[in-house]
Each structure stands twice: as structure tokens, then as C-alpha cells.
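6 protein chains.
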Amino acid sequence: MPLVNIRLARRELPTTAAQKAALIAGVTQLMQQVLDKRPDSVTVIIDEVDPENWGQGGEPVTVIRQRSKGPAQA
Amino acid sequence: MPLVNIRLARRELPTTAAQKAALIAGVTQLMQQVLDKRPDSVTVIIDEVDPENWGQGGEPVTVIRQRSKGPAQA
Amino acid sequence: MPLVNIRLARRELPTTAAQKAALIAGVTQLMQQVLDKRPDSVTVIIDEVDPENWGQGGEPVTVIRQRSKGPAQA
Amino acid sequence: MPLVNIRLARRELPTTAAQKAALIAGVTQLMQQVLDKRPDSVTVIIDEVDPENWGQGGEPVTVIRQRSKGPAQA
Amino acid sequence: MPLVNIRLARRELPTTAAQKAALIAGVTQLMQQVLDKRPDSVTVIIDEVDPENWGQGGEPVTVIRQRSKGPAQA
Amino acid sequence: MPLVNIRLARRELPTTAAQKAALIAGVTQLMQQVLDKRPDSVTVIIDEVDPENWGQGGEPVTVIRQRSKGPAQA
Numbered sequence: 116m117p118l119v120n121i122r123l124a125r126r127e128l129p130t131t132a133a134q135k136a137a138l139i140a141g142v143t144q145l146m147q148q149v150l151d152k153r154p155d156s157v158t159v160i161i162d163e164v165d166p167e168n169w170g171q172g173g174e175p176v177t178v179i180r181q182r183s184k185g186p187a188q189a
Numbered sequence: 116m117p118l119v120n121i122r123l124a125r126r127e128l129p130t131t132a133a134q135k136a137a138l139i140a141g142v143t144q145l146m147q148q149v150l151d152k153r154p155d156s157v158t159v160i161i162d163e164v165d166p167e168n169w170g171q172g173g174e175p176v177t178v179i180r181q182r183s184k185g186p187a188q189a
Numbered sequence: 116m117p118l119v120n121i122r123l124a125r126r127e128l129p130t131t132a133a134q135k136a137a138l139i140a141g142v143t144q145l146m147q148q149v150l151d152k153r154p155d156s157v158t159v160i161i162d163e164v165d166p167e168n169w170g171q172g173g174e175p176v177t178v179i180r181q182r183s184k185g186p187a188q189a
Numbered sequence: 116m117p118l119v120n121i122r123l124a125r126r127e128l129p130t131t132a133a134q135k136a137a138l139i140a141g142v143t144q145l146m147q148q149v150l151d152k153r154p155d156s157v158t159v160i161i162d163e164v165d166p167e168n169w170g171q172g173g174e175p176v177t178v179i180r181q182r183s184k185g186p187a188q189a
Numbered sequence: 116m117p118l119v120n121i122r123l124a125r126r127e128l129p130t131t132a133a134q135k136a137a138l139i140a141g142v143t144q145l146m147q148q149v150l151d152k153r154p155d156s157v158t159v160i161i162d163e164v165d166p167e168n169w170g171q172g173g174e175p176v177t178v179i180r181q182r183s184k185g186p187a188q189a
Numbered sequence: 116m117p118l119v120n121i122r123l124a125r126r127e128l129p130t131t132a133a134q135k136a137a138l139i140a141g142v143t144q145l146m147q148q149v150l151d152k153r154p155d156s157v158t159v160i161i162d163e164v165d166p167e168n169w170g171q172g173g174e175p176v177t178v179i180r181q182r183s184k185g186p187a188q189a
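Chains as they are written, first to last, in my numbering: chain A, 116 to 189; chain B, 116 to 189; chain C, 116 to 189; chain D, 116 to 189; chain E, 116 to 189; chain F, 116 to 189.
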């Protein structure tokens with residue numbers, strides 16, 4: 116029955132279907148290992164958020180990423 | 116004042132505006148009948164989630180639907 | 116698979132187990148009627164929120180209710 | 116560490132990047148002023164919701180707005 | 116920056132601090148492995164929900180558990 | 116119509132009713148200033164989360180706070 120909601124700021128290189136499947140499989144396995152939940156009872160929902168709509172430290176992620184121009188990972 | 120959030124995995128045949136209106140009307144009526152809430156105080160938000168982003172039983176809904184190829188209803 | 120989250124400001128007369136069961140049954144039935152979902156695929160979670168933690172119109176519900184001292188229903 | 120989630124019904128005139136940045140800056144400042152939180156510990160996420168998916172008083176916002184045809188502000 | 120929210124129906128044997136720490140560590144590690152996120156950027160929030168407030172298949176979990184009287188795991 | 120949800124890890128010195136009222140008033144005012152929303156249309160919900168249930172950087176906040184034993188602000 117556990118529900119897991121993962122929220123991520125969208126990146127230039129979008130999260131792939133394979134990465135999403137790995138997140139879903141990994142979280143489900145964790146629920147089984149730690150809490151002994153049946154895998155089929157686990158629901159996982161991934162929300163990808165526009166970086167303009169995600170703020171950290173008082174600024175939109177779009178602004179933070181422009182400034183860093185680095186590997187843009189956070 | 117009640118807030119109701121409905122989350123659904125998007126289907127090939129998208130949820131229509133009429134279905135959404137029926138969900139909103141039905142939930143609002145339920146709040147009035149069960150909890151005596153004023154209808155104008157009820158807020159309903161429907162989130163349609165990409166099936167690739169929704170996992171059940173350790174797998175994305177896209178994978179589950181491909182395998183079943185049945186009425187794909189869940 | 117639909118998930119429904121109902122958030123309510125807690126009242127002096129708390130929501131009873133029977134009212135919660137009626138909300139859960141009613142929302143599940145609505146999902147079946149409007150979207151043809153299987154009842155056993157519907158999850159409903161009710162969050163009861165301390166009125167001090169719920170604000171409407173710029174004020175906590177505790178303050179609004181003290182002022183009205185009326186049927187206090189919203 | 117505070118997380119703030121702002122949900123808005125999308126309007127014809129969309130919320131601009133500048134307005135989103137002002138919301139993020141304003142909420143972060145408020146957390147610092149009222150709760151003495153470090154600005155870099157504050158996360159803000161803005162969700163813009165399709166008006167067809169937002170119900171108030173038993174009706175979708177699309178229907179409410181069509182009827183009012185006024186300044187459409189709510 | 117990822118946010119992960121885990122919602123669980125509370126059980127008779129409550130989730131221990133060690134289990135919660137294992138969930139937090141496991142989810143954070145998964146974000147690092149799958150998405151290359153820095154561990155210190157990952158936030159995890161666990162919500163334990165009263166079983167009376169959690170509905171599955173149209174019934175509160177309290178009712179489902181009473182009927183099963185089995186290992187009560189879901 | 117905007118909904119604002121503020122999630123905080125509970126601290127030893129709990130958030131006071133006056134602080135909550137200031138958060139509610141401040142967020143509502145911000146919605147009016149930035150987006151021209153009517154104050155009475157703004158809903159704010161504050162969730163206080165047990166520090167054992169809040170993880171940052173792979174650890175529960177309880178563990179982080181024990182280690183720091185500093186002003187415990189985050």
C-alpha cells in the first residue's frame with residue numbers, strides 16, 4: 116500500500132524511461148526489504164517539474180543553472 | 116474548505132472534460148452529503164500523470180499495459 | 116490505480132470513523148462510475164489538519180472560527 | 116529545510132518567469148523572517164494546473180471563467 | 116534537489132526509527148545511483164497515516180485488517 | 116484559488132501559533148502582490164513533520180541535529 120512520490124527538477128538531458136523504470140524498481144524493492152511490503156502493493160509516482168517552477172535558496176533553478184554552467188547537477 | 120486531489124495515470128483515451136466535470140461535481144456533492152460542507156468551499160484538483168512516470172508493483176504502467184494489451188483499465 | 120487525497124481542517128466535533136468510511140466508499144464508487152476503474156485499484160487518504168495550521172483569507176481557521184462562533188462549517 | 120508547494124490554476128495570461136521568481140524570492144524571505152531559516156535551505160515548487168482540472172464549488176474553473184467573462188481573477 | 120515523499124498506513128507494530136533511517140538512506144542512495152544526484156541534495160519525508168484514514172478498494176484499512184486478521188501486511 | 120502547502124521538520128521549540136499566523140498572512144499577501152489574487156481565495160496548509168520522518172543527505176534530521184548540537188536551524 117505504500118505510496119512514493121518523487122519530485123525532480125527537469126534537466127536539459129531529460130530523465131529517460133530506463134532511469135524512471137530503475138527508480139520505480141529500486142523504490143519498490145526498498146519497501147520490500149525494509150518494511151516487508153508486497154511489491155504489487157507499492158505505487159510510485161514521478162513528477163518532473165519545470166526548472167522555472169522550482170526554487171532553491173530564493174532563486175529559480177533556471178537562474179542557478181545559468182550561473183553555474185557546470186555539470187548542472189543538483 | 117476541503118481540498119481533494121485526484122491523481123490518475125493518463126490513458127490512451129484521455130479523460131474527457133465531461134468526465135473531469137463529473138469527478139469535480141461528484142466529489143463536491145460527497146463532501147456536502149457526508150460532512151455537511153458548503154459546495155463553494157470545496158476545491159478539487161485532478162493530476163494526470165504520464166504512464167511512464169507511474170509505477171505499480173515495481174514496473175512503469177507503460178510496461179504493464181504493453182504486456183496486458185487488454186482493456187488496460189486500472 | 117487512482118489516488119485520492121482529501122485534506123480537511125479538523126473540527127471540534129471530530130470526523131467519525133463512519134464518516135471517513137463513507138468518504139472512502141463514495142470516492143471509490145465515483146471513480147468506478149465516471150472512469151470505469153476497478154474499486155480495488157482505488158486508494159483514498161484522508162489528512163486531518165490542525166485548524167491552527169490551516170489558513171484561509173490570510174488567517175488561521177482557529178481565528179476565523181472564534182470570530183464566527185456560528186455553525187463554524189466550511 | 117522547509118518545502119513550499121504553490122498550486123495555481125493556469126490563466127489565459129500565463130504566469131511569467133518574473134512572477135515565479137518573485138514568488139520564490141518572497142516565500143524564501145518569509146521563511147527567513149518568520150522562522151529564522153537559512154534561505155539556501157528553502158525549496159519552493161510551483162505547480163500550474165490546467166483550469167479544466169481544477170474545480171471550485173462543484174464546477175471546473177473553465178466553466179466558472181466562461182460564465183464570469185470578467186477580470187477572471189481568483 | 117529531489118524530494119521524495121513516502122506515505123504509509125500505520126501498523127500495530129509501528130515503523131521503527133531504524134526502519135525509517137534505512138528508508139531515508141536507501142532512497143538517497145538510489146537517487147545517486149540512478150540520477151547521479153548529490154546525496155546532500157536529497158530530501159525524504161515519511162508520512163505515517165492512521166489506518167482509519169487510509170482506504171483501499173472502498174474500505175478503510177482498519178476494516179480490511181480486522182477481516183484478514185492475518186499477517187496484516189500490505 | 117491558490118493553494119500553498121508549507122512542510123517543516125518539527126523542532127524542539129515548536130512553531131508557535133503566532134508564527135503560523137505570520138506565515139499564513141505573509142504567503143497570502145505575497146499571492147496578492149505578485150499575482151493579484153484576492154486574499155480570501157488563498158488557502159495555506161502547514162504540515163509539521165516529525166524530525167525522525169524527515170531525511171536530508173541520507174540521514175534523519177534527528178541524527179543530524181544530535182551531531183550538530185548547534186542552534187539546530189535548517
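All C-beta atoms, glycine included, are put in the ideal place defined by N, C-alpha and C.
Would you say residue i lies against chain C (beta-carbon separation less than 7 Å)?
i: A187(B); result: Because the pLDDT of A187(B) is 47, which lies under 50, any placement of that residue in the model is unreliable, and the number read from its coordinates should be weighed accordingly. A187(B) does not count as touching chain C.
Against chain A, with Cβ distances strictly below 7 Å, would residue i count as a contact?
i: V164(B); result: yes
i: Q147(E); result: no
i: D151(D); result: no
i: N134(B); result: According to the sequence as given, residue 134(B) is Gln; it is not Asn. Closer than 7 Å: no.
Measure the C-alpha to C-alpha separation of residue i and residue j and round it to an integer number of angstroms.
i: I161(D); j: E167(A); result: 9 Å
i: R122(F); j: E163(F); result: 6 Å
i: G172(F); j: Q171(E); result: 33 Å
i: K152(E); j: N120(D); result: 21 Å
i: Q144(F); j: L145(D); result: 11 Å
i: S165(A); j: E174(C); result: The identity of residue 165(A) in the sequence shown is Asp, whereas the question assumes Ser. Computed Cα separation, rounded: 31 Å.
i: L150(D); j: V159(C); result: 33 Å
i: W169(D); j: A124(C); result: 20 Å
So that I know if they touch, is there some Cβ in chain E lying closer than 7 Å to that of residue i?
i: T143(C); result: yes
i: A140(A); result: no
i: A137(A); result: yes
Check whether the Cβ atoms of residue i and residue j sit closer than 7 Å, and answer yes or no.
i: V157(F); j: P117(F); result: yes
i: P154(B); j: Q147(B); result: yes
Counting contacts by CB-CB distance shorter than 7 Å, is residue i in contact with chain B?
i: E127(D); result: no
i: V154(C); result: Note that residue 154(C) is Pro in the sequence shown, not Val. Answer no: the Cβ-Cβ gap between P154(C) and chain B never drops below 7 Å.
i: P117(D); result: no
i: T158(A); result: yes
Output yes if chain D places a C-beta closer than 7 Å to the C-beta of residue i; else output no.
i: N120(A); result: no
Is there a C-beta anywhere in chain F that falls below 7 Å from the one on residue i?
i: T131(E); result: no
i: Q181(D); result: no
Could you check whether the Cβ of residue i sits closer than 6 Å to any heavy atom belonging to the ligand ZN?
i: L118(E); result: Among the components of this structure there are no ligands whatsoever, and the ligand ZN is therefore not found.
Closer than 8 Å is the cut-off here; do at least three beta carbon pairs connect the region 166 to 186 of chain E with the region 140 to 156 of chain E? no
Is the region 117 to 135 of chain B close to the region 122 to 133 of chain A, with three or more CB pairs under 8 Å? no
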